[in-house]
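K.L.:
My questions will all concern the structure given below.
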Amino acid sequence: SKRAIPVCIRAYIYQCRDLPAADSNGTSDPYVQAWDMSEKTKKTQVIEDNNNPLYYEVMELEYEVRDINDLESYPPFILDVYDSDTGLLDSSDDYLARAIVEPEDCSISIQSQFEEDRNLEIPMTPRWHPLRFQEG
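For the sequence shown, UniProt numbering assigns the number 1 to the initial residue and increments by one for each residue that follows.
Next up, the structure:
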């Protein structure tokens, strides 16, 4: 059996659209949180009062895979969208939606850590991924 290979996935978080309203003013204060194999939480900035937030941020996610060239060996990427609450009455963030993104559905370019121009990479063409909303 193959050993697990640590990989760093650079995820480009561009935008969300048509998010549900979580606040009384009809909007949300959304941010995206990603899960990986590290204990560190990966979050975007909070975009206030916006149901169609634009992020244009990059997250680095750590995973272990069996075959770096076989996308089917990668786990799905889990991205959760929350509404940030900083109010006096309710300071717990509300869960809005989740995207479960299969690696084979992504625009992916695989780069070796030995490539010198790693930081000059041009991101791939963005793709929309559906959100699953909490029934409620």
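Glycine residues also receive a C-beta, built at the ideal position from the N, C-alpha and C atoms.
Is it true that the region 52-69 meets the region 23-39, where meeting means three or more beta-carbon pairs spaced less than 8 angstroms apart?
P.N.:
For the pair of segments examined, the region 52-69 was found to touch the region 23-39: the number of CB pairs separated by less than 8 angstroms reaches three.
K.L.:
Output the distance between the C-alpha atoms of C8 and P130, rounded to the nearest integer angstrom.
P.N.:
Along the sequence shown, one-based indexing puts residue 8 at 8. Along the sequence shown, one-based indexing puts residue 130 at 130. Rounded to the nearest whole angstrom, the CA to CA distance from C8 to P130 is 23 angstroms.
K.L.:
For P126 versus S107, is the C-beta spacing smaller than 9 angstroms?
P.N.:
Sequence index remark: in the sequence shown, residue 126 carries index 126 (1-based). Sequence index remark: in the sequence shown, residue 107 carries index 107 (1-based). Their beta carbons are under 9 angstroms apart, which means P126 touches S107 by this criterion.
K.L.:
Do the CB positions of A21 and N51 come within less than 9 angstroms of each other?
P.N.:
Counted from its first residue, the sequence shown places residue 21 at position 21. Counted from its first residue, the sequence shown places residue 51 at position 51. Yes, Cβ-Cβ distance for A21 and N51 is below 9 angstroms.
K.L.:
Under 8 angstroms Cβ to Cβ from E64, same chain only, skipping five residues before and after it: list those, please.
P.N.:
Here residue 64 is taken as the residue at index 64 of the sequence shown, counted from 1. Cβ neighbours of E64 beyond the five flanking positions: A4, I5, P6, V7, M37.
K.L.:
Could you check what DSSP says for P30 in three-state terms: helix, strand or coil?
P.N.:
On the sequence shown, position 30 is the one that residue 30 refers to. Strand, per DSSP.
K.L.:
Please determine whether the Cβ atom of W128 lies at a distance below 8 angstroms from any heavy atom of the ligand COA.
P.N.:
The model on display carries no ligand, and the ligand COA is accordingly not part of it.
K.L.:
Excluding the five sequence neighbours on either side, which residues of its own chain have a C-beta within less than 7 angstroms of the C-beta of D93, listed in chain order?
P.N.:
Position 93 of the sequence shown, counted from the start, is the residue given in the question as residue 93. Once the five neighbours on either side are set aside, the close Cβ partners of D93 are Y82, D83, S84, D85.
K.L.:
Can you give me the C-alpha to C-alpha distance between R10 and F133, rounded to a whole angstrom?
P.N.:
Residue numbering aside, residue 10 sits at position 10 when the sequence shown is read from its first letter. Residue numbering aside, residue 133 sits at position 133 when the sequence shown is read from its first letter. Cα to Cα, R10 sits roughly 25 angstroms from F133.
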